[in-house]
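Take a look at the structure set out below.
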Amino acid sequence: MKNNRIHILLFILICLAAAAPRFRNLDRRPMHTDEAVHAVKFGNLLEKGEYRFDPHEYHGPTLNYFTLIPAFLRSERSLTSVDETTLRIVPAVFGTGLLLLLLLLVTGLGWSAVLWSAIITAVSPAMVFYSRYYIQEMLFVFFTFGMTAAGYRWLRRPAYSWAVLCGIFAGLMYATKETCIIPWGAMAVALAIVAIHSRWSFQTRPVLPKLHLAAGFLSAALVSVLFLSSFFTNFRGITDSIITYRTYFLRASANPVHVHPWTYYFHVLGFWKTAGGPVWSEALILVLALFGIMAAFEKRRNSDRDSGLTRFLTVYALLMTAIYS
27 MKNNRIHILL FILICLAAAA PRFRNLDRRP MHTDEAVHAV KFGNLLEKGE YRFDPHEYHG
87 PTLNYFTLIP AFLRSERSLT SVDETTLRIV PAVFGTGLLL LLLLLVTGLG WSAVLWSAII
147 TAVSPAMVFY SRYYIQEMLF VFFTFGMTAA GYRWLRRPAY SWAVLCGIFA GLMYATKETC
207 IIPWGAMAVA LAIVAIHSRW SFQTRPVLPK LHLAAGFLSA ALVSVLFLSS FFTNFRGITD
267 SIITYRTYFL RASANPVHVH PWTYYFHVLG FWKTAGGPVW SEALILVLAL FGIMAAFEKR
327 RNSDRDSGLT RFLTVYALLM TAIYS
C-alpha cells in the first residue's frame with residue numbers, strides 16, 4: 027500500500043510536469059493554416075449552432091464540439107472573440123489526459139513501465155507540439171489509446187462497463203478521423219497474432235460474453251451517430267461519413283503531396299533539422315523500442331506484467347509503423 031502511494035504521488039508529479047509545457051503561453055505561436063481552417067469551421071458552429079459534416083474536407087466534428095466547452099467557460103460567443111488559447115487548450119487537455127489513461131494499464135504493465143511511459147510522453151517534443159496544435163491528431167491519439175486500454179481491461183475481466191467504455195472511445199475515433207480504420211485493422215491483426223502465439227495469455231477465456239460485445243458496438247454506434255449527425259440535426263452526416271472513404275482512398279493512392287520515402291517518419295523522429303534551426307531528435311524512443319520488443323517476447327516468471335498485453339502492444343506498434351511508412 028505504501029509503494030502504491032509513492033507511485034501515485036510520482037505519477038501526479040509527472041502529470042503536472044507534462045501540463046506545464048502544454049498549457050503555457052498557448053497564444054504565443056502564430057496560427058498555422060490548418061489551425062485557422064478548423065477555427066473558421068468552429069466559428070460557424072459557435073455563432074450559428076450548425077455543423078455539417080463534409081465528406082471531402084476537415085475530418086470529423088469532435089474537435090469543434092469539444093471547443094464549445096472552453097468558449098462557453100470564457101464567455102466567447104463569436105469567432106472574433108475567440109483567441110488561440112481557447113482553441114489550443116482543447117488538444118492541451120487531451121494531450122495531458124493521455125497520461126492519465128496509462129493508469130488503466132497498471133495491472134498489465136506494472137507501475138515501473140507506466141511511470142517511465144508517462145515520463146517519456148511528458149517530455150516528448152512531438153507529443154508536446156501536437157498537444158498545442160489545433161487539429162484532430164491529439165484527440166484521435168487519446169481516443170485510440172483509450173479504446174486500447176479499455177479493451178484490454180475488458181479482455182482481462184469482462185464487464186459491461188469496460189465494453190461500453192471501449193465502444194465510446196471507438197465511436198469517438200470514428201467521429202474524429204476517417205483514418206480510424208488503420209488502427210482498428212492493426213488492432214485486429216495484432217490481437218489475432220498474439221492470441222494464436224500466446225494461446226490467450228490475456229488471462230481470460232477465449233469465449234467472451236456476446237452481450238458485452240453488443241453493448242460495446244451499440245455504444246460506438248450511438249456516440250458516432252450523435253456527433254456525425256450534429257446531435258440529430260443532420261442525419262446526412264452519417265451517410266457522408268461513409269462516402270468520405272471514396273475521397274480518402276483516392277487521395278491516399280493518387281495525391282503526390284502525400285508521397286514520401288518509407289523512412290520519412292524515422293527521419294522526423296530520429297533526426298530533424300531545418301535551415302538555421304536546432305536538431306530535434308527522439309532517437310532514444312527508437313532505441314528503447316528495440317529493447318521493448320525483445321523484452322515483450324521474453325519468458326519471465328513472477329513478472330508483474332501481462333505478456334499478452336506487452337506482445338499485443340509490440341505487434342500493434344510494428345504494424346502501425348509499417349502501414350504509415
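Reading the sequence shown from the start, the letters are residues 27 to 351 in my numbering.
We put the CB at the ideal spot given by N, CA and C, even for glycine.
Residues of its chain near S256, where Cβ-Cβ distance is below 8 Å and the 5 sequence neighbours each way are ignored: Residue mapping note: residue 256 aligns to position 230 of the sequence shown, counting from 1. E76, Y77, R78, F79, P87, G263, listed in sequence order.
Beta-ladder partner(s) of K299, from DSSP: Counted from its first residue, the sequence shown places residue 299 at position 273. In the DSSP output, where bridge partners are listed per residue, K299 has V305.
Boundaries (first-last residue) of the alpha helix (DSSP H) holding K203: For the purposes of this step, residue 203 is identified with residue 177 of the sequence shown, where counting begins at 1. First-last for K203: undefined, no H or E at that position.
Three-pair Cβ contact test at 8 Å for the region 31–45 versus the region 144–156: Under the 8 Å Cβ criterion, the region 31–45 counts as touching the region 144–156, having at least three qualifying pairs.
DSSP three-state assignment for T289, whether helix, strand or coil: Numbered from 1 along the sequence shown, position 263 holds the residue referred to as residue 289. In the structure shown, T289 sits in coil (DSSP, three-state: anything other than H, G, I, E or B).
Where the alpha helix (DSSP H) through P96 begins and ends: Sequence index remark: in the sequence shown, residue 96 carries index 70 (1-based). Note, P96: alpha helix (DSSP H), 88–99.
Rounded distance between the beta-carbons of L312 and G296, thought under 8 Å: For the purposes of this step, residue 296 is taken as residue 270 along the sequence shown, with counting starting at 1. For the purposes of this step, residue 312 is taken as residue 286 along the sequence shown, with counting starting at 1. Yes, G296 and L312 are in contact; Cβ-Cβ is about 6 Å, under 8 Å.
Contact set for V215: own chain, Cβ-Cβ below 7 Å, skip 5 residues either direction: Counting from one through the sequence shown, the residue named residue 215 turns up at place 189. Correct list, in chain order: L345.
Within the region 47–72, ranges of the alpha helix (DSSP H) (whole runs, at least 4 residues): none
Proximal residues to S227 (C-beta, below 6 Å), its chain only, five neighbours per side dropped: Residue mapping note: residue 227 aligns to position 201 of the sequence shown, counting from 1. At S227, the pLDDT of 49 sits below 50, so the modelled position is not reliable and the matter cannot be decided from this model.
Residue environment, H85, which counts as buried when at least 16 other CB atoms sit within 10 Å: Translated into positions along the sequence shown, residue 85 becomes position 59. Buried, because 16 or more other Cβ atoms sit within 10 Å of the Cβ of H85.
Inter-stretch contact at 8 Å, needing at least 3 Cβ pairs: the region 57–76 / the region 165–179: no
Inter-stretch contact (C-beta, 8 Å, three-pair minimum) for the region 296–310 and the region 181–195: no
Rounded distance between the beta-carbons of G177 and S250, thought under 8 Å: In the sequence shown, residue 250 corresponds to position 224, counting from 1. In the sequence shown, residue 177 corresponds to position 151, counting from 1. Cβ atoms of S250 and G177 stay farther apart than 8 Å, at about 17 Å.
Enclosing alpha helix (DSSP H) for H353 [first to last residue]: Only positions 27 to 351 of the chain appear in the structure, and residue 353 is not among them; the question remains open.
Proximity of L130 and R179 at Cβ, strictly below 8 Å: In the sequence shown, the residue the question calls residue 130 occupies position 104. In the sequence shown, the residue the question calls residue 179 occupies position 153. In this structure, R179 lies closer than 8 Å to L130 by Cβ.
contact_flag[the region 87–98, the region 137–144] where n(CB pairs < 8 Å) is 3 or more: no
Start and end residues, alpha helix (DSSP H) containing A278: Here residue 278 refers to the residue found at position 252 of the sequence shown. Taken as a continuous stretch (DSSP letters only), the alpha helix (DSSP H) holding A278 covers 262–280.
Alpha-carbon spacing of Y200 relative to I40, whole angstroms: What you label residue 200 is simply residue 174 of the sequence shown in a count that begins at 1. What you label residue 40 is simply residue 14 of the sequence shown in a count that begins at 1. So the two alpha carbons sit approximately 30 Å from each other.
Anticipated Cβ contact below 8 Å, L72 with I115, distance rounded: Residue numbering aside, residue 72 sits at position 46 when the sequence shown is read from its first letter. Residue numbering aside, residue 115 sits at position 89 when the sequence shown is read from its first letter. Actually they do not touch by this definition, with Cβ atoms about 15 Å apart.
Euclidean distance between Cα positions of V285 and A348: Position 259 of the sequence shown holds residue 285. Position 322 of the sequence shown holds residue 348. Annotation: V285 to A348 spans about 15 Å, alpha carbon to alpha carbon.
Cα-Cα separation between A246 and G193, rounded to whole angstroms: For this step, residue 246 is matched to residue 220 along the sequence shown. For this step, residue 193 is matched to residue 167 along the sequence shown. A246 and G193: Cα-Cα distance of roughly 4 Å.
DSSP state of I32 mapped onto helix, strand, coil: Translated into positions along the sequence shown, residue 32 becomes position 6. I32: helix per DSSP, three-state reduction.
Backbone CA spacing between R100 and A280 [nearest angstrom]: Counted from its first residue, the sequence shown places residue 100 at position 74. Counted from its first residue, the sequence shown places residue 280 at position 254. R100 and A280: Cα-Cα distance of roughly 43 Å.
Collapsed DSSP secondary structure at Y178 in the structure displayed: Position 152 of the sequence shown holds residue 178. Correct three-state label for Y178: helix.
Nonlocal neighbours in the same chain, by C-beta distance under 7 Å from T270, ignoring five residues either side: Here the question's residue 270 lines up with position 244 in the sequence shown. So the list reads P81, E204, once near-sequence residues are dropped.
Own chain residues within Cβ distance below 6 Å of F120, not counting five before or after: Taking the first residue of the sequence shown as position 1, residue 120 is located at position 94. Cβ neighbours of F120 beyond the five flanking positions: M164, L165, F168.
Expected contact under 8 Å - CB spacing of A65 and L113 to nearest Å: If you number the sequence shown from 1, residue 65 lands on position 39. If you number the sequence shown from 1, residue 113 lands on position 87. Correct: roughly 6 Å between the Cβ atoms.
Reduced DSSP secondary structure (H/G/I, E/B, other) of T147: Along the sequence shown, read from residue 1 onward, the residue named residue 147 stands at position 121. Helix.
Closest by C-alpha distance to S104, when choosing among G69, R272, R31: Mapped onto the sequence shown, residue 104 falls at position 78. Nearest of G69, R272, R31 to S104, Cα basis: G69.
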